[in-house]
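Per numbering that gives the first Met the number 0: the sequence shown = residues 0 to 487.
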Amino acid sequence: MPAAITALIIATIVAPPPTTVVRQVLPSGIHLLVSPRPDARLVAIEIRVRGAGSAHETPDQNGLAHAVEHMLFKGTDSTPAGAFDAQFERMGGEASAQTLRDGTAFRVCVFPERWKDALATWGELLQKPSFREVDWATERTVILREMGVAQSETTRLGLQTLSTVAYPLGDPYSQPLMGSRANVERFTACDLRIFHAKQYGAANLTIAVSGPVTAEEVKAALGPMFAPPAPNSGGAKGEEAEAFRPTAARNAPVSPLAPPELGAGGANMGPTDVPIRAPLFTDEEQTARQLATVYLGFRAPRLQTEPENAAACDTLAVLLARGMGGVLGERLTGDKKLNAISVNAEYLPQTDRALFVLHATGTKRDIGQIEDVIIDELAILKARCAGGDAALEELLEGAKSVVIGQELYQRETVDGEAKYLAYLDMLGAPDGYADKYVERVRAVSVADISRLMGQYLVPAKRSVAVIGLSAIGAAAASSNASGSEAVQ
Ligand SMILES: [Zn+2]
């Protein structure tokens, strides 16, 4: 893209959205974020339960956060299963939920005149689940089926498999989001109830609301809902009343991990300086796949402590690969001998960890070479950074425009903004992170890119997962140096 056009685009889109977001920690411990948008025609509510993610589970508990997420929609003692979905629909919205490594997310977007009802419904759903044995028996089957489906979804399987080698052995972040089948089969409704009572306290909640509302209105509506119960007020079930008493021990945000130690190079993920590879799947598991996808993971700087580097990582991701563009996209499509069909780069910040992930899809036969080409292109880009390359400067400006555009696009809608605000709060992003983001992206220089590549995108320190290639298939193609490297 010509520099003049790039400059023009930047000039027209850099104005960040007005910074009217109100952030407060309520007496109950709830993190409240309200973005008043008087002209919006919907209200978005995003709730994140920090502390109810798969990274907060012990190996024995792995899968409980996801099971609880499912079971919360199965009603309270006074509402039957399915009632909540119908209630949200009448308010004009469709509720959804998602289990993540750092927490569980719940979201809905409703008509402005119904947002208080929606908030009240979330309050009931999150605080008073009945966890009936009979419902769990049914839902367990649904979850086991979902786990089977996830095995066939390349993205979910790829990131999960990469996680098993990208983090140190025994690290909670390496656990599967949905747990093991054995765990899910073993869990009882009582296990779910105990996990819920421990992790769903008000002090673990982040509530973000965006739409024609004010912070005062939201606070008033929340007031009676998540208030700690008065002493001895009891409740139908002692255990549930207990769950929302904000004792420090119970409701302290759960963070089982100290930030990882950095090696001298700052990017040492494993004990050695050779790539760590996830074992390949068996032939039986992979026969249905026509294509293979290689995932490369690199330790990345944490967004919480290095917000400038986080902005640079987002920019580097776009510079490297986006659709079939970016330097990796161009190199792979330009190579007629390789059948590569897509390549992508992503910076994935988490509460206690961050990863930079590259993944490319192509024919099974070519996947080893595709990996080699990516590694080669990283070295070329690093050399270009050092060489005062004018074309690279221009590419970087283009990438920055794309990143800024993505950010503005995301925050344009009420649901996009509520999701973004709650996400940043769950991660523990520093104050004003969102407001300074555009400015930080604009400041990213070739020197920053060069530094990130030298410190983090070190080929020898990558972790690798290949989906779609079985051990037998890999042995047949072992003339390829990269594809034949030792498999863990
Ligand atoms: Zn699920």
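Every residue, glycine too, gets a C-beta built ideally from N, C-alpha and C. None of these values were measured; they are calculated from a predicted model.
CB-CB length for residue i against residue j, believed under 8 Å
| i | j | result |
| --- | --- | --- |
| Leu32 | Asp424 | 6 Å |
| Glu411 | Tyr436 | With 8 Å as the limit, Glu411 and Tyr436 do not qualify as a contact, their Cβ atoms being about 15 Å apart. |
| Ala320 | Ile369 | At roughly 12 Å, the Cβ-Cβ gap does not stay under 8 Å, so Ala320 and Ile369 are not in contact. |
| Asp414 | Cys189 | That belief does not hold up - the Cβ atoms of Asp414 and Cys189 are roughly 35 Å apart, past 8 Å. |
| Ala299 | Tyr455 | 6 Å |
| Leu125 | Leu71 | 6 Å |
| Ser179 | Asn61 | 7 Å |
Proximity test, residue i beta-carbon vs ligand 1 heavy atom, cut-off 8 Å
| i | result |
| --- | --- |
| Ile142 | yes |
| Thr98 | yes |
| His195 | no |
| Met177 | yes |
| Glu56 | no |
| Glu216 | no |
| Glu525 | Not covered by the structure: residue 525. The range shown for the chain is 0 to 487. |
| Glu406 | no |
| Glu184 | no |
| His30 | no |
| Glu152 | no |
| Glu145 | yes |
| His65 | yes |
Reference residue i; option with closest CA among the options
| i | options | result |
| --- | --- | --- |
| Arg461 | Ala291, Leu407, Gly453 | Gly453 |
| Leu118 | Ala428, Ala207, Val141, Tyr199 | Ala207 |
| Arg100 | Val133, Ala311, Asp351, Ser341 | Asp351 |
| Asp365 | Ile193, Ile46, Leu337, Glu345 | Leu337 |
| Leu394 | Leu158, Ser444, Arg47 | Ser444 |
| Glu123 | Ala149, Lys73, Ala382 | Lys73 |
| Phe280 | Ala459, Val465, Gly386 | Val465 |
| Ile507 | Val67, Gly361, Asp375, Ala310 | Residue 507 cannot be examined here, being either before or after the span of the chain that is shown, 0 to 487. |
| Ala219 | Glu438, Lys363, Ser27 | Ser27 |
| Ala66 | Arg139, Ile379, Pro300 | Arg139 |
| Tyr166 | Val141, Ile275, Leu125 | Ile275 |
| Asp116 | Gly91, Thr332, Ala104 | Gly91 |
| Thr503 | Tyr408, Gln23, Tyr422 | Here the chain has residues from 0 to 487 only, and residue 503 is not among them. |
| Thr304 | Ala353, Ala446, Val273, Pro278 | Ala353 |
| Phe194 | Ser173, Phe83, Ser53, Leu391 | Ser53 |
| Gly367 | Glu216, Leu125, Ser469 | Ser469 |
| Arg36 | Pro211, Gln97, Thr103, Arg113 | Pro211 |
| Leu318 | Asp272, Arg40, Lys381 | Lys381 |
| Pro429 | Gln289, Leu302, Glu396, Leu295 | Leu302 |
| Thr57 | Pro171, Ala390, Val133, Thr103 | Pro171 |
| Leu204 | Glu215, Leu221, Gln409 | Leu221 |
| Leu191 | Glu132, Leu63, Gln174, Ala85 | Leu63 |
| Pro458 | Val356, Val401, Pro79 | Val356 |
| Thr78 | Ala39, Gly50, Ala43, Ser129 | Ser129 |
| Thr154 | Ser173, Arg330, Gly178, Ala359 | Ala359 |
| Pro306 | Arg49, Ser95, Ala80, Asp434 | Asp434 |
| Glu45 | His55, Asp38, Ala94 | Ala94 |
| Arg47 | Val20, Arg89, Trp121 | Trp121 |
Start-to-end residues for the alpha helix (DSSP H) that takes in residue i
| i | result |
| --- | --- |
| Val180 | Note on residue identity: the sequence assigns Arg, not Val, to residue 180. Arg180 -> alpha helix (DSSP H) spans 180–185. |
| Ser53 | Here Ser53 belongs to no alpha helix (DSSP H), and DSSP marks it neither H nor E. |
| Val67 | 63–70 |
| Gln198 | 188–198 |
| Ala82 | 82–89 |
Continuous beta strand (DSSP E) stretch holding residue i: start and end
| i | result |
| --- | --- |
| Pro37 | Element bounds for Pro37: n/a, residue is neither H nor E. |
| Gln23 | 21–24 |
| Gly210 | 204–210 |
| Val217 | Run containing Val217: none in the beta strand (DSSP E); it sits in the alpha helix (DSSP H), 214–221. |
| Ile466 | 462–466 |
Residue i at chain B interface by Cβ criterion, 9 Å
| i | result |
| --- | --- |
| Leu99 | Protein chain content of the structure displayed is limited to a single chain, and chain B is not contained in it. |
Problem - Every unbroken beta strand (DSSP E) inside the segment 92–160 [3 residues or more] - result: Counting only runs of 3 or more, we get 95–98, 102–109.
Handout entry: Length-filtered (3 minimum) beta strand (DSSP E) runs lying within the segment 294–353
Key = Segments of the beta strand (DSSP E) lying fully in the segment 294–353: 339–348.
Practice task
Write down every uninterrupted run of the beta strand (DSSP E) in the segment 373–449 whose length is 3 residues or greater and which is fully enclosed by it, in chain order.
Solution key: As far as the segment 373–449 is concerned, it has no whole beta strand (DSSP E) run of at least 3 residues.
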